[in-house]
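To start, the structure under review is shown below, and the notes come after it.
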Amino acid sequence: MDRQKANFQLAFGIILVLIAVVTVAESLRFSLPMIRRGVASMYDFPGLVPIVASVILSALAAPFMVMAAKQGGSLQNLFSKESKALLASDETRIVCLVFGLLIAYRTIFNLIPYVLSTTAFLLMFYLALGVLSVRTGLLAAAVSGMFFVLFQLVFKISLP
Amino acid sequence: MIGEYFVTFLQQTVGVLTPVNLFLMVVGMVLGVLIGALPGLNATLGIALLTPITFSVPTDNALSVLLSLYIGVMFGGSISAILINIPGTGSAAATLIDGYPLAKKGLGANAIMVSRWASAIGTLLGVLFLLIFAPVLSLIAVNFGSAEYFWLGIMGILVCGSYSDPKAPYRGWIAGILGLLFSFIGIDDIHAYPRLTFGLSGLYTGVELIPALIGIFGIPTLISALNIRKELVTENLGNQDFKILGFIRKNILHIFRWAVIGVGIGALPGVGENVAAFMGYSDAKKRHPDRERFGTGEYAGVAAPETANNAAVGGAILPMLTLGIPGSPPAAVLMGALMLHGLKPGPLLLSNNPEILPQIVAIFFVGTLLTILVGSVMTRPMVAIFKVRNHILMPIVAALIVLGAFATRSSDFDIWTVIFFGFVGYVLQKVEINPTPLVLGLILGRIIDANMRRVLVIHSGKLIGFFERPISMVLVALIILSLISPFIDAAKKRRKGNEV
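Residue numbers (our numbering), protein chains in the order written: chain A, 1338 to 1497; chain B, 441 to 940.
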């Protein structure tokens, strides 16, 4: 395993522990008043299983982090030159592009009619990938129109 | 009873053969072959995207189109594996080991023909096992109480986790527990209290399964496909002159064994077709008299994984229908689709909806024939489709992912669900954790939660309630076996290595 991967795994292990801690804290927050009021018992309070699962998750995260540390992972390395180079890689660009465009699409999804928002989303995608042309522009419009006809008119699924 | 069952099966087969249904099955099959053949897309995503469209059609039509797509994807994956050396789906990864060398020798069309027939026979044998074992399993499952459901849920996550990464099962279990935590979000089944919602009203109804699955499997797939920089080079198909019936006659016992392997692996919770294909391939290689020829272009090396991965479809549906535990990620989405159509997969499904099993068997039966027919028609056009660049196709898939999530219940919140679970899926991919146990956790979480608390309340907090019935004890024994088996296997391998 390369060092970069081990760094990520270590960070992921810490995130798992944090998820477990937040879940336990939140579960206690809503469960304790219910137990005090007698609405729930010690055996069936709503936070019982989430707490048990969180404890198991923390326990499983431990070997995960130990393995990552053994293979050279460290949190300091997360901010090394290697990591910064990774941030500038093609894959990071694609990941940011996909999530950025999906969030933008979600934002405009209900604001403008479906065909317009989808055509805009596809055009932006093609532009970002460097394949925008008259042909892909027409394809974007045709696909949006086709989805609208298929879902809204044929399958009666209401679209914005 | 068997006579009655046979009559129902015949009635359902006639029902499947209506023009509308046949048309829908052909559409499902064509889409399935396309999705399977295009590198990056898979059965899980295909079924998830098609599910919202099926809302407007009756349940039997919806089942026809979704199951045809599932079968079609299993075969379609082999086309790209054979012709361009990239498996269209994970389950076709074993097929390329011998399929691509055959295509390089100019025998691509023959290899695809073997794959097509092996897929069809695998599907048929898989569904025969489903027909035999589903009523038996269902009879056992109706006796399940809360403790048994609790153990069944735990077993599903542990077995799936162990198989998803046999070298480090704890990685699979981490995914399973994460899935459990996500499943606890929303109104609690016992006290009706909104848990872990952090004040977001969209989370009160819990995590919607279909959008979550589209996100987990769809978005990482999209990112991977956009990262493929390799120019796709398609090998020549060549002539189709292989004597397939002679091959089948000669290998009939082997084919049956590969199908049994497929069904067995497919029936394990969350393990699915990918593992089944490799198990089938390694069995074929181990038993072949001339095993050195494997990897250089051996027809049995194509037939074995294709028979096993298609038979695994029947296997994966078996626990989904009878226990409510899907055997593979596509079966998990299919389970979500059935639930959206008002059916409740689990022990009571076959008694509440006795027509469902013969109906599924009839669809598979017709689907088998369609695999051969549609598969043979679509092979040549697929060569042209491989030339469509991912950079053109994937943005359309992205739009479909959003649309598929929204259409599930016309909710904007589900688009956020897709994006969030897409991110979770991508992170899991980066840290090399298989996301399948997470899906199983998501499905089984509420069953585990409600039944664990029920047993504790009934027995005033005493743990004996979990162990007092024989079925519980059998399930506990199976869980212990699944926990220790990876370590036993590793020890065996170490000992073998030391001996060498």
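Virtual Cβ for every residue (Gly too), placed ideally from N, Cα, C.
Check: Of all the residues that make up the stretch 478 to 492 of chain B, which are near chain D by a beta-carbon distance shorter than 7 Å?; Outcome: In summary, chain D is missing from the structure at hand, where the protein chains are A and B.
Check: Cβ atoms of residue 621(B) and residue 1335(A): under 8 Å apart, would you say?; Outcome: A question about residue 1335(A) goes unanswered here, because the residues of chain A that appear run from 1338 up to 1497.
Check: Please report the distance separating the alpha-carbon of residue 644(B) from that of residue 1474(A).; Outcome: 40 Å
Check: From residue 767(B) to residue 892(B), what distance separates their C-alpha atoms?; Outcome: 23 Å
Check: Cβ atoms of residue 710(B) and residue 606(B): under 8 Å apart, would you say?; Outcome: no
Check: Between residue 581(B) and residue 763(B), which are expected to be in contact by the criterion C-beta below 8 Å, what is the C-beta distance as a whole number of angstroms?; Outcome: 6 Å
Check: Starting from the beta carbon of residue 1363(A), find every residue of chain B whose beta carbon is closer than 7 Å, and list them in chain order.; Outcome: 636
Check: Give the residues of chain B in contact with residue 1387(A), contact being defined as C-beta atoms less than 9 Å apart.; Outcome: 620, 621, 624, 635, 636, 889
Check: Looking at the C-beta of residue 892(B), does it have a partner C-beta in chain A at a distance below 8 Å?; Outcome: yes
Check: Ordered along the chain, which non-local residues of its own chain (more than five positions away) have a Cβ less than 6 Å from that of residue 1465(A)?; Outcome: 1434
Check: Within the present structure, is the beta-carbon of residue 1355(A) separated from the nearest heavy atom of the ligand PLP by less than 7 Å?; Outcome: This structure lacks the ligand PLP, and indeed carries no ligand of any kind.
Check: Show which residues of chain B have a CB atom less than 8 Å away from the CB atom of residue 1447(A).; Outcome: 852
Check: In the DSSP assignment, what are the bridge partners of residue 627(B)?; Outcome: 634(B)
Check: Assuming contact is defined by CB atoms lying nearer than 8 Å, are residue 1383(A) and residue 628(B) in contact in what I supplied?; Outcome: yes
Check: Could you check which residue in 856(B), 461(B), 919(B) has the C-alpha nearest to that of residue 1442(A)?; Outcome: 856(B)
Check: Report the residue from 904(B), 476(B), 693(B) whose alpha carbon sits nearest the alpha carbon of residue 587(B).; Outcome: 904(B)
Check: Would you kindly work out how many angstroms separate the C-alpha atoms of residue 702(B) and residue 531(B), rounded to a whole number?; Outcome: 11 Å
Check: Nearest to residue 917(B) by CA position, among 594(B), 457(B), 558(B), is which residue?; Outcome: 594(B)
Check: I need the boundaries of the alpha helix (DSSP H) containing residue 690(B), first residue and last residue.; Outcome: 684 to 690
Check: Give a yes or no on contact between the stretch 1477 to 1494 of chain A and the stretch 771 to 781 of chain B, applying the rule of three or more CB pairs nearer than 8 Å.; Outcome: no
Check: If you follow the alpha helix (DSSP H) that residue 889(B) is part of, which residue opens it and which one closes it?; Outcome: 876 to 898
Check: Among 658(B), 700(B), 590(B), which one has its Cα closest to the Cα of residue 913(B)?; Outcome: 590(B)
Check: Straight-line CA distance for residue 854(B) to residue 648(B)?; Outcome: 7 Å
Check: Taking the C-alpha atoms as reference points, what is the distance between residue 926(B) and residue 487(B)?; Outcome: 32 Å
Check: So is residue 901(B) in contact with chain A if we call contact Cβ pairs under 8 Å?; Outcome: yes
Check: Quick one: Cα of residue 894(B) to Cα of residue 634(B), how far?; Outcome: 19 Å
Check: Mind pulling the chain B residues with CB within less than 7 Å of residue 1428(A)?; Outcome: 667
Check: Count the other CB atoms, across all protein chains shown, that sit within 10 Å of the CB of residue 935(B); report buried if there are 16 or more and exposed otherwise.; Outcome: exposed
Check: Output needed for residue 1397(A): all residues of its chain with C-beta closer than 7 Å, excluding positions within five of it in sequence on either side, in chain order.; Outcome: none
Check: At what residues does the alpha helix (DSSP H) containing residue 723(B) begin and finish?; Outcome: 713 to 727
Check: Check whether the stretch 1405 to 1417 of chain A and the stretch 1439 to 1453 of chain A are in contact - that is, three or more C-beta pairs closer than 8 Å.; Outcome: no
Check: Taking only the alpha-carbon atoms, compute the straight-line gap between residue 602(B) and residue 773(B) and give it to the nearest angstrom.; Outcome: 21 Å
Check: Would you mind reading off the limits of the alpha helix (DSSP H) that contains residue 1380(A)?; Outcome: Element bounds for residue 1380(A): n/a, residue is neither H nor E.
Check: Chain A partners of residue 842(B), CB-CB under 9 Å?; Outcome: 1439, 1442, 1443, 1446, 1455, 1458
Check: Indicate whether residue 508(B) and residue 813(B) have their beta-carbon atoms separated by less than 8 Å.; Outcome: no
Check: Rounding to the nearest angstrom, what Cα-Cα distance links residue 430(B) and residue 858(B) in this structure?; Outcome: Shown here, chain B extends from 441 to 940; a query on residue 430(B) therefore has no answer.
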